[in-house]
Ligand SMILES: [Zn+2]
Ligand SMILES: [Zn+2]
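In the working numbering, the protein residues as written are 157 to 403.
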């Protein structure tokens, strides 16, 4: 059996979640969690990315909550966006000092670093859906871009690998194992799939199961993620937010 003590991927009104930070924390306490991370969408998202200037405010809000609320640790993270083929993300060095955890994922509707990156990250992935040759090229480029990002930045978690883009999960898992980056089994989107968890776990990478809640009521909702991990036969000691000695 798998029991999780932390939810490291939750959204608030700072991006397009429904609850504020305190409401997310209260929901996590109700679910019996010991840790929660507030990880809104990175600033590069066109319509609802968190503002660079909000990190300081969020940090202060979380520091106050941590003093006030006992029994749970609140962390500040961000779900950064991949913005270039070279592995750039939409987080500045000066933003990092406010963050406890850095998550990164591929999302559409993000401002790319250059025209070349717009083609590689977005147009090619659209064409990849209909052209097998573009699909092959996009898969190589996507995988390389993700690996470049984890080698360039200290990324703790890659969110929903494989969502919206084709990735060589085995190659990504091998690089993530080296950089100490966990691959997320996302309980909202259903990525990673059982098949990919099985392939990735052979590379020695660690995993994390998150809710990706956009509403406080979904925090700690890990049903789908736990099911995937169990079906793949993933050992508990490979899941960073799992209670290790729980039966
Ligand atoms: Zn996401
Ligand atoms: Zn998310």
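Using N, Cα and C, we set each Cβ at its ideal position, and we do this for glycine too.
These are the residues, in chain order, with a beta carbon less than 6 angstroms from any non-hydrogen atom of ligand 1: 235, 261, 263, 315, 316. DSSP places residue 280 inside the alpha helix (DSSP H), whose first and last residues are 280-283. Boundaries of the alpha helix (DSSP H) harbouring residue 335: 325-335, taken from the DSSP string. DSSP links residue 367 through a beta bridge to no other residue. When Cβ pairs closer than 8 angstroms are counted between the two stretches, the stretch 265-277 is seen to touch the stretch 184-203, the count reaching three or more. Residue pairing by DSSP places residue 196 opposite 234 in a beta bridge. CA-to-CA, the gap between residue 394 and residue 361 works out to about 8 angstroms.
With three or more CB-CB distances shorter than 8 angstroms, the stretch 379-393 counts as touching the stretch 344-360. Residue pairing of residue 162 in beta bridges, as defined by DSSP: 191. Annotation for residue 221: the continuous alpha helix (DSSP H) segment containing it runs 210-224.
From the listed residues 375, 301, 340, 356, the smallest Cα separation to residue 365 is found for 340.
Put simply, the backbone Cα of residue 180 is about 36 angstroms away from that of residue 297.
Assigned with DSSP and collapsed to three states, residue 178 falls in helix.
The C-alpha of residue 173 lies about 18 angstroms from the C-alpha of residue 262. An exposed status is given to residue 336, since fewer than 16 other beta-carbon atoms sit within 10 Å of its beta-carbon.
For residue 382, the enclosing alpha helix (DSSP H) has its first and last residue at 379-388.
For residue 296, the enclosing alpha helix (DSSP H) begins and ends at 288-308. Sorting 166, 183, 167 by C-alpha distance to the C-alpha of residue 373 places 183 at the top. For residue 274, no pairing in a beta bridge is given by DSSP.
Listed in chain order, the beta strand (DSSP E) elements of length 3 or more contained wholly in the stretch 237-270 are 257-261.
A buried status is given to residue 195, since no fewer than 16 other beta-carbon atoms sit within 10 Å of its beta-carbon.
Excluding five sequence positions before and after residue 211, the CB atoms of its chain that fall closer than 6 angstroms to its own CB belong to 251, 254, given in chain order. About 6 angstroms separates the beta carbon of residue 168 from that of residue 176, a gap short enough to meet the 8 angstroms contact definition.
Between residue 158 and residue 191, the gap from beta carbon to beta carbon reaches 8 angstroms or more.
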